[in-house]
Amino acid sequence: MADTQNESFWRPLQYFAYYRLIVAGGFLGANIFTQDWLYVGGQDPQLIFWTSAVYLIVAIGHLVTLVQWRHAFNLQLNVQVLGDIFFLTLLVFASGGGKSGVSMLLLVVLAGAGLVGQGRMVLFYAAVATLSLLLEQSYRVLAYQAAVEDFFRTGLTSIGFFGSAITARLLARRVVANEALAKKRGIDLADQLRINEQVIRDMQDGVLVIDAAGRVRQSNPQAAQLLGLAAPINAAGSATAISPAPTLAACSPALAREFLVRRIRGIESETVLQAANSGRTLRARFLPPGEGGNALIYLEDVGRQQQKAQQMKLAALGRLTANMAHEIRNPLAAISHAAELLAEEPPNKGTERLTRIIGDNTQRLNRLVAETMELGRRDRVSPELIDMTSFINQQLEELALQDSGCVARISVELPEKFSLCFDRGHLHRVLSNLLSNALRYASNAPSAVRIQGEQGKFANRLSLHVIDDGAGIDEAARSQVFEPFFTTSAAGTGLGLYIARELCEANGARLSLLENSPGAHFCISCTSICQEQTPDGIHSASESGQVNA
Numbered sequence: 001m002a003d004t005q006n007e008s009f010w011r012p013l014q015y016f017a018y019y020r021l022i023v024a025g026g027f028l029g030a031n032i033f034t035q036d037w038l039y040v041g042g043q044d045p046q047l048i049f050w051t052s053a054v055y056l057i058v059a060i061g062h063l064v065t066l067v068q069w070r071h072a073f074n075l076q077l078n079v080q081v082l083g084d085i086f087f088l089t090l091l092v093f094a095s096g097g098g099k100s101g102v103s104m105l106l107l108v109v110l111a112g113a114g115l116v117g118q119g120r121m122v123l124f125y126a127a128v129a130t131l132s133l134l135l136e137q138s139y140r141v142l143a144y145q146a147a148v149e150d151f152f153r154t155g156l157t158s159i160g161f162f163g164s165a166i167t168a169r170l171l172a173r174r175v176v177a178n179e180a181l182a183k184k185r186g187i188d189l190a191d192q193l194r195i196n197e198q199v200i201r202d203m204q205d206g207v208l209v210i211d212a213a214g215r216v217r218q219s220n221p222q223a224a225q226l227l228g229l230a231a232p233i234n235a236a237g238s239a240t241a242i243s244p245a246p247t248l249a250a251c252s253p254a255l256a257r258e259f260l261v262r263r264i265r266g267i268e269s270e271t272v273l274q275a276a277n278s279g280r281t282l283r284a285r286f287l288p289p290g291e292g293g294n295a296l297i298y299l300e301d302v303g304r305q306q307q308k309a310q311q312m313k314l315a316a317l318g319r320l321t322a323n324m325a326h327e328i329r330n331p332l333a334a335i336s337h338a339a340e341l342l343a344e345e346p347p348n349k350g351t352e353r354l355t356r357i358i359g360d361n362t363q364r365l366n367r368l369v370a371e372t373m374e375l376g377r378r379d380r381v382s383p384e385l386i387d388m389t390s391f392i393n394q395q396l397e398e399l400a401l402q403d404s405g406c407v408a409r410i411s412v413e414l415p416e417k418f419s420l421c422f423d424r425g426h427l428h429r430v431l432s433n434l435l436s437n438a439l440r441y442a443s444n445a446p447s448a449v450r451i452q453g454e455q456g457k458f459a460n461r462l463s464l465h466v467i468d469d470g471a472g473i474d475e476a477a478r479s480q481v482f483e484p485f486f487t488t489s490a491a492g493t494g495l496g497l498y499i500a501r502e503l504c505e506a507n508g509a510r511l512s513l514l515e516n517s518p519g520a521h522f523c524i525s526c527t528s529i530c531q532e533q534t535p536d537g538i539h540s541a542s543e544s545g546q547v548n549a
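Residues 1 to 549, numbered by my numbering, are exactly what the sequence shown covers, in order.
Take a look at the structure:
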């Protein structure tokens with residue numbers, strides 16, 4: 001085997017060195033302190049003393065070498081095992097031969113060498129140990145006239161050596177095979193876990209793994225985003241987890257209640273619920289617990305699916321409105337041109353009135369066509385982080401060019417560093433409509449129209465309010481203000497608020513009419529986290545803003 005720094009090889013060899021140290025120290029201590037009552041070294045006490053002492057010194061040297069120099073594993077193993085055979089053979093001779101039982105320690109050495117060395121050269125070690133015992137017994141017979149029958153005991157012990165060596169080799173081969181299989185399966189499992197984590201992390205749906213105690217074992221960033229949490233869920237299975245995993249109830253009480261009910265039933269089911277933190281409508285699918293007690297929850301943004309369907313509808317609507325606009329504007333241009341020619345005729349009271357009617361209705365139709373075409377542009381969203389202070393100032397400057405007096409009627413109250421993630425053109429269109437309506441119905445007093453920014457309950461949710469002090473909206477009309485072609489003005493098209501709401505939804509925002517008597521109060525609820533729109537219409541987190549996890 002090549003030299004290796006693998007701890008799985010060196011640590012067993014170190015334990016083997018500890019065993020050698022105990023054996024050598026035990027023989028030396030027994031020879032010194034228990035000679036009177038423990039029969040150790042009956043053949044030659046002096047030899048066993050010096051053999052044990054040298055054996056102890058060599059054992060200490062082996063241990064120090066293992067700790068300080070972890071190289072040449074095979075060489076160190078061979079030196080240690082052959083040294084054990086040599087010293088233990090001397091101890092067998094000094095203790096009176098095979099009948100002393102010391103030779104049994106060689107069985108432990110051979111078994112340990114086979115397991116530590118994973119079966120390599122263990123039969124060679126058994127052969128050396130057998131030869132050593134035979135030489136020891138032969139010398140005893142020749143020099144000390146020992147009984148020849150003792151060779152039978154030595155032969156049985158030698159058979160035990162080979163049996164122990166073969167058994168250790170077979171066990172070592174099985175250990176090596178199991179270790180290789182475990183390592184391979186560990187690599188496969190790690191790869192599978194890494195792939196699973198990557199797939200879960202990139203899923204558009206939220207995924208939560210809940211254990212039997214109701215703690216979040218694993219999650220993906222989308223789950224935290226859908227639940228409206230300000231930071232990623234510190235799941236227990238995460239490699240970066242440094243604190244106890246949160247409970248599902250701490251992340252979403254409503255989801256925890258639904259999960260508890262369905263866990264008791266033990267069947268796959270789904271429900272629709274409202275996330276309190278994010279305000280999103282979620283479809284939660286609950287999978288029953290597995291053998292380990294972990295249950296799976298899938299979270300799907302219902303609004304995103306509706307938005308995807310809406311975008312497909314708007315794409316078709318855009319093509320339709322473009323064709324309609326072309327077909328309407330051509331005859332409309334002819335009518336407008338004819339009205340202009342008619343206006344150039346000599347003054348006539350009846351003609352002037354008809355010309356004015358034609359001109360007014362032509363402009364209204366043109367405005368209706370333009371606003372209808374806005375619906376076709378809703379699916380083209382380019383969100384960016386907009387500083388609202390400078391944006392509203394620019395909008396007020398544009399209003400001042402049309403009517404310098406209207407700016408004095410508008411007050412702006414925004415927090416510092418107040419930014420919305422919105423398509424710039426869409427936000428301009430929405431605010432223009434809201435301010436136009438507010439100025440139309442508000443009084444002429446200063447601050448009759450108020451633009452207010454508000455930080456939401458959660459760090460990434462912001463609200464922009466447009467409030468006027470006018471007569472307000474009738475209770476009967478409140479439910480219809482966002483419907484297309486609904487208007488209370490003879491000059492209006494009824495598409496302004498409808499388009500404004502559609503543009504807000506296209507940007508992941510929400511336009512709503514709040515209770516405010518007297519006057520009207522519109523609120524744009526938005527996010528400060530920019531989303532980039534993918535080709536399939538699904539929004540994913542962009543690095544231009546804070547990660548909503």
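Every residue, glycine too, gets a C-beta built ideally from N, C-alpha and C. Quick caveat, the model's predicted, so the values are computed rather than measured.
DSSP state of residue i mapped onto helix, strand, coil
i    : result
G470 : coil
T403 : Reading off the sequence shown, one finds Asp at residue 403, where the question assumed Thr. Note: D403 maps to coil in three-state DSSP.
E352 : helix
A445 : coil
A408 : helix
V216 : strand
E515 : coil
L495 : coil
L420 : strand
R510 : strand
L413 : Here the sequence assigns Glu to residue 413, which means Leu is not the residue at that position. E413 falls in the strand class under three-state DSSP.
T321 : helix
W37  : Only weak support exists for where W37 lies, its pLDDT of 43 falling under 50; the value from the coordinates is given anyway. Note: W37 maps to coil in three-state DSSP.
F9   : helix
E345 : coil
G228 : coil
Run of the beta strand (DSSP E) containing residue i, from where it starts to where it stops
i    : result
L273 : S269 to Q274
F522 : H521 to T527
L287 : T281 to L287
Q455 : V449 to Q455
V102 : Careful: V102 lies outside any beta strand (DSSP E) and carries neither H nor E.
V481 : Counting along the chain, V481 falls outside any beta strand (DSSP E), and DSSP gives it neither H nor E.
L385 : P383 to D387
Where the alpha helix (DSSP H) through residue i begins and ends
i    : result
H426 : R424 to Y441
T89  : F73 to A94
R595 : Since the first residue shown for the chain is 1 and the last is 549, residue 595 is missing from the structure and cannot be characterised.
R478 : E475 to R478
G292 : From DSSP, G292 is part of no alpha helix (DSSP H); its letter is neither H nor E.
T487 : Premise fails: T487 is in no alpha helix (DSSP H) and is neither H nor E.
W50  : P45 to Q68
Residue burial classification, residue i (beta-carbon count within 10 angstroms, cutoff 16)
i    : result
Y15  : exposed
I357 : exposed
I467 : buried
R353 : exposed
I195 : exposed
S443 : exposed
F33  : exposed
T130 : buried
A258 : Looking at the sequence itself, residue 258 is Glu, so the reference to Ala does not match. It is buried - the Cβ of E258 has at least 16 other Cβ atoms within 10 Å.
Q68  : exposed
G264 : Sequence inspection shows Ile at residue 264; the Gly mentioned does not correspond to that position. Counting Cβ neighbours within 10 Å, I264 comes out exposed, since fewer than 16 surround it.
M104 : exposed
H426 : buried
D360 : exposed
Q80  : buried
N583 : Shown here, the chain extends from 1 to 549; a query on residue 583 therefore has no answer.
Counterpart residues of residue i in DSSP-defined beta bridges
i    : result
L299 : G206 and A284
R461 : T527
T247 : R215
Please give the ranges of any alpha helix (DSSP H) in the segment 117-195, keeping only runs that are unbroken, at least 4 residues long and fully inside the region. 122-144
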